[in-house]
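Our numbering puts the first residue of the sequence shown at 1, with every later residue one more than the last. Note that beta-carbon positions come from the ideal geometry of N, C-alpha and C, so glycine has one too. Report on one structure; see the data block that follows.
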Amino acid sequence: MKLRQIEVFHAVMITGSTVAAAEMLNVTQPAISTTLKRMQDDLGLALFISSSGRLIPTPEARALFAQAHAIQEDVGSLRRLARLLAEGKAGTLRLGVVPAVSEGILAQAISQIRSHAPDLVLSVDVLNSHDLVNRLIGGRIDLACVFGDDHGPPLQTLFNTSIPLVCVGPSEVLSDIDCVTPAQLAKMPLATMRPTDPIGRLLSSWGGRKAMPPVVELRSSRGVLALARAGVAAGVVDWLTLSDLGTSGLCHRFLDPMLAIDLKIVCVSAGQPPIALGRAAEALAHAISAHMAP
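Structural data, given as structure tokens:
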């Protein structure tokens, strides 16, 4: 029994005639009659008796109808799901973000995504840029927000902006300084990102400064900020982390010469991104832009 035969049988059972069933399915009456006859031949059952222009279901037809109705309901649900998937409003979207955008920015983006697609399931990983890129290439996430500018093929950039880096520390260290130079930074006890991190790499060669041994190397700008807030050391963090966590108990100064890091939203190159993925990228980009102004 074919799905089309079930659809025709179901329509005839509901409407009581091949003419009405043809109107319901937007096909010709002969097409309905042909499909119904083939179905009866395939099953070896008489499903209808003609009486006064109407088709009267046989006991066998009534026995089949409940299951046929359930199948039609399932097909309808499948079609609705397919439509929602095509519109980016269903399924699962796997996101990955660096810690700098994992709180306020991410919350704002998710709120915007869900306003368009309340049935879309979101899965979010918060990792460093290197790990996120590996997961993206490995097919374990669909979209990533990462630092750095060395993410070439097979990745496609959907959004790119520059995030200023700022020096943070206790007021007694920074209050008399307008902007922090490489020479001034070299004299401070310093907490910084590891050289393998995009921010750490930028800072190690900033302004021609020679690499100075930091007091502490960390994998997270949030950790750098926490040490600076505790007065343990000055640190250099991205502006998004600072604006997200706040400046309470801290002084912050921009660097001179200015230093900024690329923040990108990337996916695996495959032509035009699916609607859900594109919408998520737009929501993240909008939230990032809203947090950019110092």
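Take residue i as the anchor and find which of the options has the nearest alpha-carbon.
| i | options | result |
| --- | --- | --- |
| residue 99 | 12, 129, 227, 86 | 129 |
| residue 189 | 205, 167, 178 | 167 |
| residue 269 | 45, 157, 195, 133 | 157 |
| residue 252 | 50, 12, 173 | 173 |
| residue 257 | 195, 178, 87, 144 | 178 |
| residue 144 | 64, 69, 102 | 102 |
| residue 48 | 41, 42, 58 | 58 |
| residue 229 | 183, 169, 284 | 169 |
| residue 53 | 155, 281, 12, 194 | 12 |
| residue 235 | 273, 281, 187 | 187 |
| residue 215 | 43, 232, 248, 246 | 232 |
| residue 154 | 7, 267, 118, 50 | 267 |
| residue 74 | 3, 85, 119 | 3 |
| residue 171 | 117, 34, 249, 200 | 249 |
| residue 124 | 118, 110, 117 | 110 |
| residue 81 | 175, 120, 51 | 120 |
| residue 183 | 175, 26, 199, 205 | 205 |
| residue 28 | 8, 195, 117 | 8 |
| residue 85 | 69, 62, 117 | 117 |
| residue 346 | 42, 33, 41 | This structure cannot speak to residue 346, because the chain is shown only from 1 to 294. |
My assumption, with CB atoms under 8 Å, is that residue i sits in contact with residue j. Please give the rounded CB distance.
| i | j | result |
| --- | --- | --- |
| residue 192 | residue 217 | 6 Å |
| residue 146 | residue 132 | 5 Å |
| residue 31 | residue 20 | With 8 Å as the limit, residue 31 and residue 20 do not qualify as a contact, their Cβ atoms being about 14 Å apart. |
| residue 96 | residue 135 | 6 Å |
| residue 24 | residue 15 | 6 Å |
If you check the beta carbons only, do residue i and residue j fall under 8 Å apart?
| i | j | result |
| --- | --- | --- |
| residue 91 | residue 276 | yes |
| residue 141 | residue 287 | no |
| residue 297 | residue 93 | The requested residue 297 does not occur in the structure, where the chain is confined to residues 1 to 294. |
| residue 279 | residue 88 | yes |
| residue 238 | residue 291 | no |
| residue 219 | residue 197 | yes |
| residue 60 | residue 36 | no |
| residue 115 | residue 55 | no |
| residue 5 | residue 39 | yes |
| residue 180 | residue 255 | yes |
| residue 259 | residue 202 | yes |
| residue 112 | residue 283 | yes |
| residue 10 | residue 108 | no |
Would the C-beta of residue i count as close to the ligand ADP, meaning under 7 Å from any of its heavy atoms?
| i | result |
| --- | --- |
| residue 66 | Looking at this structure, you won't find the ligand ADP or any other ligand, since it has none at all. |
>> Check whether the segment 157-169 and the segment 259-266 are in contact - that is, three or more C-beta pairs closer than 8 Å.
In response: Contact holds: three or more Cβ-Cβ distances are below 8 Å.
>> List, from N- to C-terminal side, the alpha helix (DSSP H) runs of 4 residues or more that fit wholly inside the segment 169-233.
In response: 171-174, 182-186, 198-204, 221-229
>> List, from N- to C-terminal side, the beta strand (DSSP E) runs of 3 residues or more that fit wholly inside the segment 116-140.
In response: Runs of the beta strand (DSSP E) spanning 3 or more residues and lying entirely within the segment 116-140 occur at 121-126, in chain order.
> Can you list, in chain order, the stretches of the alpha helix (DSSP H) that have 4 or more residues and sit fully within the segment 14-97?
Replying inline: 18-25, 29-43, 59-86
>> For a minimum of 3 consecutive residues, which ranges assigned as the beta strand (DSSP E) are wholly contained in the segment 226-282?
In response: You should have 234-238, 251-254, 260-268.
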